[in-house]
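> Residues in the sequence shown are numbered consecutively from 314, following the working numbering.
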Amino acid sequence: MSETLKSNTILLGYGIFTIGNKTIALTRGGGKFTVEREYRKIEADGYPGAIKGNIVIDSSQAKLEVNQLTVVPEDFATYYPGLNVDTNTPGSVKITGDHTIKDTDYQDAVTWTGKTREGKPVKITVKNAINLENIDWEMQDKSEVINKLTYEACFTEGELETEPWEIEWGVATE
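1. Of the residues Val348, Ile437, Phe468 and Lys354, which one's Cα is nearest the Cα of lysine 365?
2. Please classify threonine 347 as buried or exposed, where buried requires at least 16 neighbouring CB atoms within 10 angstroms.
3. If we ignore side chains and look at the alpha-carbon of each, how far apart do glycine 333 and glutamine 420 end up?
4. Have a look at tryptophan 478 and isoleucine 370 and give me their C-alpha separation to the nearest angstrom.
5. Opposite alanine 390 in the DSSP bridges: which residues?
6. By alpha-carbon positions, which one of Glu457, Lys433, Val385 and Ile443 ends up nearest to leucine 324?
7. Count the other C-beta atoms from every protein chain shown that fall within 10 angstroms of the C-beta of lysine 376, then say buried if there are 16 or more, exposed otherwise.
8. Put aspartate 358 into one of helix, strand or coil per three-state DSSP.
As C-alpha coordinates, this is what we get:
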(Lines of atoms letter the chains of each structure in order from A and count residues from 1; the text may use other names and numbers.)
(Lines give C-alpha, C1' and ligand atoms only; values in the text may rest on other atoms or scores of the structure.)
Protein backbone atom coordinates (compact mmCIF):
# COMPACT_ATOMS: atom_id res chain seq x y z
CA MET A 1 0.00 0.00 0.00
CA SER A 2 1.28 3.47 -0.84
CA GLU A 3 2.56 5.55 2.11
CA THR A 4 0.06 8.29 1.25
CA LEU A 5 -2.89 5.89 1.48
CA LYS A 6 -2.26 4.63 5.01
CA SER A 7 -4.91 5.44 7.59
CA ASN A 8 -2.50 7.50 9.71
CA THR A 9 -2.75 10.32 7.12
CA ILE A 10 -6.41 10.84 8.01
CA LEU A 11 -7.21 14.42 9.04
CA LEU A 12 -8.85 14.40 12.48
CA GLY A 13 -11.86 16.65 13.02
CA TYR A 14 -11.02 18.22 16.35
CA GLY A 15 -8.76 21.22 16.84
CA ILE A 16 -8.46 24.74 18.18
CA PHE A 17 -10.00 27.85 16.62
CA THR A 18 -8.16 31.14 17.12
CA ILE A 19 -8.39 34.78 16.10
CA GLY A 20 -4.82 36.00 15.85
CA ASN A 21 -3.20 34.13 18.72
CA LYS A 22 -6.27 34.14 20.98
CA THR A 23 -8.38 30.99 21.34
CA ILE A 24 -11.98 31.71 20.31
CA ALA A 25 -13.87 29.26 22.52
CA LEU A 26 -14.95 25.77 23.32
CA THR A 27 -17.13 24.44 20.55
CA ARG A 28 -20.06 22.08 20.20
CA GLY A 29 -20.48 20.62 16.76
CA GLY A 30 -16.97 21.83 15.90
CA GLY A 31 -16.72 23.86 12.77
CA LYS A 32 -16.37 23.69 9.02
CA PHE A 33 -13.99 24.94 6.34
CA THR A 34 -15.28 25.55 2.82
CA VAL A 35 -14.03 27.19 -0.33
CA GLU A 36 -17.00 28.00 -2.57
CA ARG A 37 -15.99 28.62 -6.15
CA GLU A 38 -17.89 29.57 -9.25
CA TYR A 39 -16.44 28.10 -12.43
CA ARG A 40 -17.33 29.21 -15.94
CA LYS A 41 -16.80 27.23 -19.13
CA ILE A 42 -15.91 29.50 -22.03
CA GLU A 43 -18.21 28.41 -24.82
CA ALA A 44 -17.76 28.98 -28.51
CA ASP A 45 -19.53 27.85 -31.67
CA GLY A 46 -18.34 24.40 -32.68
CA TYR A 47 -17.21 23.33 -29.18
CA PRO A 48 -18.89 20.03 -28.27
CA GLY A 49 -18.42 20.68 -24.53
CA ALA A 50 -15.86 21.89 -22.03
CA ILE A 51 -12.42 22.48 -23.55
CA LYS A 52 -9.22 22.06 -21.53
CA GLY A 53 -7.83 25.51 -20.75
CA ASN A 54 -11.19 27.23 -21.34
CA ILE A 55 -12.50 26.98 -17.80
CA VAL A 56 -12.03 29.98 -15.52
CA ILE A 57 -12.70 30.70 -11.85
CA ASP A 58 -15.09 33.65 -11.64
CA SER A 59 -15.21 33.87 -7.84
CA SER A 60 -13.87 32.15 -4.76
CA GLN A 61 -15.07 32.53 -1.16
CA ALA A 62 -13.29 30.76 1.71
CA LYS A 63 -15.14 30.40 5.02
CA LEU A 64 -14.23 29.05 8.44
CA GLU A 65 -17.31 28.27 10.53
CA VAL A 66 -17.20 27.93 14.33
CA ASN A 67 -20.00 26.64 16.58
CA GLN A 68 -19.06 28.54 19.71
CA LEU A 69 -20.20 27.11 23.05
CA THR A 70 -18.43 29.52 25.41
CA VAL A 71 -18.73 33.24 24.75
CA VAL A 72 -16.48 35.97 26.17
CA PRO A 73 -18.63 39.14 26.26
CA GLU A 74 -15.57 41.42 26.23
CA ASP A 75 -14.55 39.88 22.86
CA PHE A 76 -17.96 40.25 21.23
CA ALA A 77 -16.82 43.04 18.88
CA THR A 78 -14.21 40.55 17.59
CA TYR A 79 -16.97 38.08 16.78
CA TYR A 80 -19.42 40.45 15.06
CA PRO A 81 -18.93 43.68 13.07
CA GLY A 82 -20.74 46.90 13.87
CA LEU A 83 -20.79 46.50 17.66
CA ASN A 84 -19.66 48.49 20.66
CA VAL A 85 -18.56 46.74 23.83
CA ASP A 86 -18.71 48.86 26.98
CA THR A 87 -16.76 47.53 30.00
CA ASN A 88 -16.75 50.82 31.95
CA THR A 89 -18.99 49.48 34.74
CA PRO A 90 -16.99 47.04 36.89
CA GLY A 91 -18.31 43.48 36.58
CA SER A 92 -20.60 44.40 33.70
CA VAL A 93 -20.40 44.30 29.91
CA LYS A 94 -22.87 46.17 27.70
CA ILE A 95 -23.02 45.37 23.98
CA THR A 96 -24.77 47.66 21.51
CA GLY A 97 -24.89 47.98 17.73
CA ASP A 98 -23.36 50.99 15.99
CA HIS A 99 -24.38 50.11 12.40
CA THR A 100 -20.86 50.69 11.04
CA ILE A 101 -18.35 48.15 9.76
CA LYS A 102 -14.85 49.32 10.69
CA ASP A 103 -11.43 48.12 9.51
CA THR A 104 -10.98 46.60 12.98
CA ASP A 105 -13.98 44.32 12.32
CA TYR A 106 -11.79 42.39 9.84
CA GLN A 107 -9.52 39.86 11.52
CA ASP A 108 -6.02 39.43 10.05
CA ALA A 109 -6.17 35.66 10.58
CA VAL A 110 -8.79 33.23 11.87
CA THR A 111 -7.40 29.71 12.15
CA TRP A 112 -8.20 26.13 12.94
CA THR A 113 -5.25 24.07 14.11
CA GLY A 114 -5.58 20.31 14.24
CA LYS A 115 -3.62 17.24 13.27
CA THR A 116 -3.56 14.05 11.26
CA ARG A 117 -3.97 10.64 12.84
CA GLU A 118 -0.18 10.24 12.89
CA GLY A 119 0.14 13.53 14.82
CA LYS A 120 1.34 15.85 12.05
CA PRO A 121 -0.02 19.38 12.51
CA VAL A 122 -2.49 20.95 10.08
CA LYS A 123 -3.42 24.62 10.12
CA ILE A 124 -6.22 26.26 8.12
CA THR A 125 -6.22 30.06 7.94
CA VAL A 126 -8.71 32.53 6.49
CA LYS A 127 -7.24 36.02 6.10
CA ASN A 128 -8.79 39.47 6.34
CA ALA A 129 -11.79 37.62 7.74
CA ILE A 130 -15.13 39.00 8.85
CA ASN A 131 -18.11 37.20 10.38
CA LEU A 132 -21.32 38.25 8.64
CA GLU A 133 -23.62 35.87 10.54
CA ASN A 134 -26.54 37.37 12.41
CA ILE A 135 -26.67 37.09 16.16
CA ASP A 136 -29.13 34.20 16.25
CA TRP A 137 -29.38 32.37 19.55
CA GLU A 138 -31.80 29.54 20.23
CA MET A 139 -32.76 29.45 23.90
CA GLN A 140 -34.08 25.96 24.61
CA ASP A 141 -34.81 24.12 27.83
CA LYS A 142 -32.09 21.62 28.76
CA SER A 143 -29.70 22.95 26.14
CA GLU A 144 -26.96 25.53 25.82
CA VAL A 145 -26.83 28.41 23.36
CA ILE A 146 -24.52 27.85 20.38
CA ASN A 147 -23.15 31.05 18.87
CA LYS A 148 -22.48 30.39 15.16
CA LEU A 149 -19.62 32.38 13.66
CA THR A 150 -18.72 32.12 9.97
CA TYR A 151 -15.58 34.04 9.12
CA GLU A 152 -15.34 34.88 5.42
CA ALA A 153 -11.91 35.54 3.95
CA CYS A 154 -11.69 38.81 2.03
CA PHE A 155 -9.38 39.77 -0.81
CA THR A 156 -7.45 43.02 -0.51
CA GLU A 157 -7.39 45.49 -3.38
CA GLY A 158 -3.67 44.98 -3.96
CA GLU A 159 -3.87 41.16 -4.02
CA LEU A 160 -6.79 40.14 -6.21
CA GLU A 161 -4.92 37.18 -7.74
CA THR A 162 -4.00 35.53 -4.41
CA GLU A 163 -6.89 33.90 -2.58
CA PRO A 164 -6.94 34.89 1.12
CA TRP A 165 -6.79 31.42 2.65
CA GLU A 166 -4.28 28.64 3.15
CA ILE A 167 -3.88 25.10 4.45
CA GLU A 168 -0.51 24.22 5.96
CA TRP A 169 0.41 20.55 6.49
CA GLY A 170 3.17 19.52 8.87
CA VAL A 171 4.03 23.03 10.07
CA ALA A 172 5.15 23.78 13.59
CA THR A 173 2.29 25.21 15.65
CA GLU A 174 2.50 27.64 18.55
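Don't be surprised by glycine CBs; every beta carbon is placed ideally from N, CA and C.
Let me lay it out:
1. Along the sequence shown, one-based indexing puts residue 365 at 52. Comparing Cα-Cα distances from lysine 365 to each of Val348, Ile437, Phe468 and Lys354, the minimum goes to Lys354.
2. Here residue 347 refers to the residue found at position 34 when the sequence shown is read from its first residue. Result: exposed.
3. If you number the sequence shown from 1, residue 333 lands on position 20. If you number the sequence shown from 1, residue 420 lands on position 107. Approximately 7 Å between the Cα atoms of the pair.
4. Within the sequence shown, the letter at position 165 stands for residue 478. Within the sequence shown, the letter at position 57 stands for residue 370. If I take the Cα positions, the gap works out to 16 Å.
5. Here the question's residue 390 lines up with position 77 in the sequence shown. BP columns for alanine 390 are empty, so no partner.
6. The residue given as residue 324 occupies position 11 in the sequence shown. Cα-wise, what sits closest to leucine 324 is Lys433.
7. Here residue 376 refers to the residue found at position 63 of the sequence shown. With 16 or more Cβ atoms within 10 Å of its Cβ, lysine 376 is classed as buried.
8. In the sequence shown, residue 358 corresponds to position 45, counting from 1. In the structure shown, aspartate 358 sits in coil (DSSP, three-state: anything other than H, G, I, E or B).
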